[in-house]
Amino acid sequence: YACSASSSVGSVRHAARINVYGLPYIRTMAKVSVVAGETLVVHCPVAGYPIDSIVWEKNSRILPINRRQDVESNGTLIISSVQRAADQGRYTCVARNMQGYTARGNLDLQVMGEYWRLLLEV
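The sequence shown begins at 1 in UniProt numbering and counts up one residue at a time.
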């Protein structure tokens, strides 16, 4: 927000930021399909302020659990060279604030075989 005042003598302006505090919340995520061998990029749709941390889990294990996985500080999950056996399944995004309140949202990932790549290229 900004407040400005002016007169024949001069003008002045002051700006301030207002933060609206809210508990962590994660919007519903749709099922995602990806072709094996591709790179998956998924954003955790988190709301609330302030958010202290965002992590992704699979089978109750905090990611990354291998070199193909990366979780950025903004909650983006990246999986390179997606593999059906290793990567297909349910992922959970967990957002936490400084007071210890958490929100969880699930994402179901389906990995399609290599033949889908050929069909999609036609």
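All C-beta atoms, glycine included, are put in the ideal place defined by N, C-alpha and C.
Residue nearest to residue i in terms of C-alpha spacing, selected from the options
i           : options           : result
residue 84  : 65, 73, 35        : 35
residue 110 : 93, 87, 7         : 87
residue 29  : 37, 22, 42        : 42
residue 127 : 1, 90, 33, 114    : Any question about residue 127 goes unanswered here, given that the chain covers just 1 to 122.
residue 24  : 107, 114, 61, 101 : 101
residue 90  : 57, 37, 10        : 57
residue 106 : 65, 59, 69        : 59
residue 61  : 21, 11, 93, 44    : 93
residue 112 : 67, 33, 8         : 33
Rounded distance between the beta-carbons of residue j and residue i, thought under 8 Å
i          : j          : result
residue 40 : residue 82 : 5 Å
residue 54 : residue 37 : Contact flag wrong, Cβ pair sits at about 27 Å.
Burial state of residue i, where buried means 16 or more other Cβ atoms lie within 10 Å
i           : result
residue 31  : exposed
residue 103 : buried
residue 65  : exposed
residue 22  : exposed
Close Cβ partners of residue i (< 6 Å) along its chain, the five nearest in sequence each way excluded
i           : result
residue 4   : 13
residue 69  : 63, 79
residue 108 : 31, 90
8 Å Cβ shell around residue i - same chain, five flanking residues per side excluded
i           : result
residue 26  : 44, 45, 46, 47, 93, 95, 103, 104, 105
residue 114 : 35, 36, 37
key: Sufficient close CB pairs (3 or more, under 8 Å) joining the segment 91-107 to the segment 38-57   = yes
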